[in-house]
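Enquirer: If you scroll down you'll find the structure; I have some questions about it.
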Amino acid sequence: MTPAKEADRQLDAQLLARIATGDEAALATLYDRFSPGLFSFVLRMMRDEMEAEDVLQEGFSHIWRRASTYDPVRSSPFTWAVMILRNKAIDRLRVRQRLERTVEKATVEFSHFPEADEASSGEAERRDERKLVRSALAQIPGEQKEAVELAFFGGLTHEEIAEKLGTPLGTIKARIRRGLLKLRDYLKEGA
Amino acid sequence: MIDEDRQDLAVAYALDTLDAAAGRAFEAECAADSELRALVQELRATAAALAYDAPRRLPPPHLRERVLASIRGEATPAATTLGARSRGGRSLLPWALAAGFAVTTAALWLERDQWREKALATREEVLTLRNRDAFAQVRIATLSAQVETYAKSTAIVLWDAEKQRGIIKLANIPRAERGKDYQLWVIDPKYPQPVSGGIVPVGDDGIARVSFTPDQQIGTADKFAISIERAGGAPQPGGPIVLLGN
């Protein structure tokens, strides 16, 4: 890990420690640091801006209530936050799926949202990581990438992915395992 | 060396797809195996890094205040009281010590997590139930065609009266004429005119899925309607109503 990344991680961990004591200003700072990345991510999962806003709000409320459970040994603050919001998004996706199944079986394709102006995002320091992740994703086989993305962004279980793709469960497990392990190696090399 | 079966479990755990019992069993295994723990941490960090692959979109400016207002409405975090103990405990129980005191550390690690989880579980359950109740308020309305051209169209509205917001889904909708837009209306008897739910942009594939918040507070959403209005929408319906339902 580069010194800059390590410093970022320490700063974020300090913010979480302050949030755990009820420091609202620390939460506001963490929001400013994380919300662009987290909102983009949640929007990709939900494909709906209002729902993405709700998930972001729920996620930060969760962070507020449970900052004391953050363990710096287990993950970086950003990883911890991503996983919290992902779980919130998956909960909503599942409720949405249940609701929609009751009224129709039609599949609705969602439009893709245009990308934000990078210059206005205020997250210059995250651009390198974005490039690195995209480059790593480009290096793994398409079928592994597809399976990993369905698991991560779609919140689907291995069984659901197997059913969706009409592929044996064992094959799906292997694709996700190999894909994630390769991504890990690429990200380590590039870090 | 971690075999493929355990790697699969580590992947599933990192992606939170194990059920509760399998998750607990895997955590117990992790507590006694530093190599497995390290793999899980790496996989989790790798998965979370995928968030960077999402197209960049900034949250709307108002959301920041909404988030901060929402936490002000909550009590001081449970961490204010629990945190002091847990942070003190954390320094005594780092995973780094696991190599020398694997069994003891494993037990304490699980105990610590279970203690924290139990202490906070009630609050989470209340919030989950609150969310579930909120969804129980959702009303589903299907709209039917008022003109032949829309006979094959599908229109469904999910309306949450408590949150004053809804989602409309349309399929098989003919493209609007140039200079025209589809507009959603909510008909509430307390208002003399339908209340606008906003423009509903329909894609080239004839599909739309839009979240909406009506322009005014809705008491009873008697009916929903879609009309064709001038581009950009109108304050009151003037064009033909093509879909209507309750």
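Sequence lines, in order, name chains W and R. When we follow the numbering used here, the leftmost residue of the first sequence carries the number 126, and every step to the right adds one. When we follow the numbering used here, the leftmost residue of the second sequence carries the number 8, and every step to the right adds one. All residues carry an ideal CB built from backbone N, CA and C; glycine is no exception. These numbers come from a predicted model, not from an experiment.
Terminal residues of the continuous alpha helix (DSSP H) containing residue 179 (chain W)?
Expert: Counting along the chain, the alpha helix (DSSP H) containing residue 179 (chain W) begins and ends at 174 to 191.
Enquirer: Note down, in chain order, all residues in the region 153 to 164 of chain W with a beta-carbon under 9 Å from any beta-carbon belonging to chain R.
Expert: Taking 9 Å as the Cβ-Cβ cut-off against chain R, the residues of the region 153 to 164 of chain W that qualify are 153, 156, 157, 160, 161, 162, 163, 164.
Enquirer: Provide the residue span of the beta strand (DSSP E) that contains residue 167 (chain R), from first to last.
Expert: Per DSSP, residue 167 (chain R) belongs to the beta strand (DSSP E) from 161 to 167.
Enquirer: Report the residue from R:58, R:70, R:48, R:8 whose alpha carbon sits nearest the alpha carbon of residue 175 (chain W).
Expert: When each option's Cα is compared against that of residue 175 (chain W), the closest is R:70.
Enquirer: Considering only DSSP beta bridges, list what residue 224 (chain R) is partnered with.
Expert: Answer by DSSP bridge pairing: none, since residue 224 (chain R) is not bridged.
Enquirer: Quick one: which residues of the region 223 to 248 of chain R get their C-beta closer than 8 Å to a C-beta of chain W? List them in chain order.
Expert: Taking 8 Å as the Cβ-Cβ cut-off against chain W, none of the residues of the region 223 to 248 of chain R qualify.
Enquirer: Taking the alpha-carbon of residue 59 (chain R) as reference, which of W:314, W:266, W:284, W:253 has the nearest alpha-carbon?
Expert: Ranking W:314, W:266, W:284, W:253 by Cα distance to residue 59 (chain R) puts W:253 first.
Enquirer: To the nearest angstrom, report how far apart residue 252 (chain R) and residue 151 (chain R) are at their CA atoms.
Expert: Distance between the alpha carbons of residue 252 (chain R) and residue 151 (chain R): 6 Å.
Enquirer: Taking a cut of 7 Å between CB atoms, which residues from the region 292 to 305 of chain W lie near chain R?
Expert: Taking 7 Å as the Cβ-Cβ cut-off against chain R, the residues of the region 292 to 305 of chain W that qualify are 298, 301, 302, 305.
Enquirer: With 8 Å as the threshold, decide whether the Cβ of residue 182 (chain W) is near any Cβ in chain A.
Expert: Note that chain A does not occur in the displayed structure, where the protein chains are W and R.
Enquirer: Would you say residue 276 (chain W) faces chain R, with C-beta separation under 8 Å as the test?
Expert: It does: the Cβ of residue 276 (chain W) has a partner Cβ on chain R nearer than 8 Å.
Enquirer: Under 8 Å between beta-carbons, which chain R residues line up against residue 136 (chain W)? List them in chain order, please.
Expert: Within chain R, no residue comes near residue 136 (chain W); the closest Cβ sits about 17 Å away, beyond 8 Å.
Enquirer: By how many angstroms is the C-alpha of residue 211 (chain W) removed from the C-alpha of residue 164 (chain W)?
Expert: For residue 164 (chain W) and residue 211 (chain W), the distance between alpha carbons rounds to 11 Å.
Enquirer: Residue 1 (chain R): which of R:238, R:177, R:170, R:173 sits nearest, CA to CA?
Expert: With chain R covering only 8 through 253, there is no way to say anything about residue 1 (chain R).
Enquirer: By the 10 Å Cβ neighbour count, where 16 or more other Cβ atoms means buried, how is residue 8 (chain R) classified, buried or exposed?
Expert: Exposed, by the Cβ-count rule.
Enquirer: Just how far apart, CA to CA, sit residue 225 (chain R) and residue 134 (chain W)?
Expert: Looking at the two C-alpha atoms, the distance is approximately 46 Å.
Enquirer: Just how far apart, CA to CA, sit residue 10 (chain R) and residue 146 (chain R)?
Expert: Rounded to whole angstroms, residue 10 (chain R) to residue 146 (chain R) spans 49 Å at the Cα level.
Enquirer: Bridge partners for residue 190 (chain R) per DSSP, in chain order?
Expert: Answer is R:206, R:234, bridged to residue 190 (chain R).
Enquirer: Which one of W:198, W:207, W:193, W:291 has the shortest CA to CA distance from residue 56 (chain R)?
Expert: If we check each option's Cα against that of residue 56 (chain R), W:207 comes out closest.
Enquirer: Select from R:171, R:168, R:175, R:170 the residue whose C-alpha is nearest the C-alpha of residue 161 (chain R).
Expert: Ranking R:171, R:168, R:175, R:170 by Cα distance to residue 161 (chain R) puts R:175 first.
Enquirer: Could you work out which residue in W:309, W:188, W:258, W:213 is closest to residue 141 (chain W) when comparing CA atoms only?
Expert: Cα-wise, what sits closest to residue 141 (chain W) is W:188.
Enquirer: Between residue 59 (chain R) and chain W, is any beta-carbon pair separated by less than 8 Å?
Expert: It does; some Cβ of chain W falls within 8 Å.
Enquirer: The region 189 to 215 of chain W: which residues have C-beta closer than 9 Å to a C-beta of chain R, in chain order?
Expert: If the cut-off is 9 Å between Cβ atoms, the region 189 to 215 of chain W has 189, 190, 191, 192, 193, 194, 196, 197, 198, 199, 200, 201, 203, 204, 205, 206, 207, 208, 210, 211, 212, 215 near chain R.
Enquirer: Going by C-alpha to C-alpha distance, which of R:230, R:35, R:217 sits closest to residue 197 (chain R)?
Expert: Minimum Cα distance to residue 197 (chain R) is reached at R:230.
Enquirer: Consult DSSP for residue 25 (chain R) and reduce its assignment to one of helix, strand or coil.
Expert: Coil, per DSSP.
Enquirer: Report the rounded CA-to-CA distance for residue 163 (chain R) versus residue 212 (chain R), giving the unit in angstroms.
Expert: Computed Cα separation, rounded: 17 Å.
Enquirer: Going straight from the alpha carbon of residue 313 (chain W) to that of residue 178 (chain W), what length do you get?
Expert: The alpha-carbon atoms of residue 313 (chain W) and residue 178 (chain W) are separated by roughly 32 Å.
Enquirer: For chain W, is any of its Cβ atoms less than 8 Å away from the one on residue 42 (chain R)?
Expert: Not closer than 8 Å to any Cβ of chain W, the Cβ of residue 42 (chain R) fails to qualify, so no.
Enquirer: Let me make sure I understand the geometry here. Which of W:309, W:183, W:186, W:278 has the alpha-carbon closest to that of residue 260 (chain W)?
Expert: Considering only alpha carbons, the answer is W:309.
Enquirer: Between which two residues does the beta strand (DSSP E) containing residue 286 (chain W) stretch?
Expert: No beta strand (DSSP E) holds residue 286 (chain W); the alpha helix (DSSP H) holding it covers 283 to 290.
Enquirer: Can you check which of these residues, W:295, W:185, W:255, W:213, is closest to residue 145 (chain W) by C-alpha distance?
Expert: Of W:295, W:185, W:255, W:213, the residue nearest in Cα terms is W:185.
Enquirer: Relative to the C-alpha of residue 50 (chain R), which residue among W:255, W:192, W:155, W:205 is closest?
Expert: The candidate whose alpha carbon is nearest that of residue 50 (chain R) is W:205.
Enquirer: Closer than 9 Å by beta-carbon distance: list the chain R residues that pair up with residue 254 (chain W), in chain order.
Expert: Here the neighbours are 56, 59.
Enquirer: List, in order along the chain, the chain R residues whose C-beta lies closer than 8 Å to that of residue 178 (chain W)?
Expert: By Cβ distance, chain R contributes 66, 67, 70, 73.
Enquirer: Which class does residue 209 (chain W) belong to by DSSP, given the choice of helix, strand or coil?
Expert: Residue 209 (chain W) falls in the helix class under three-state DSSP.
Enquirer: Going by CA-CA distance only, name the one from R:12, R:28, R:148, R:54 that's closest to residue 270 (chain W).
Expert: Checking every option, the nearest Cα to that of residue 270 (chain W) belongs to R:54.
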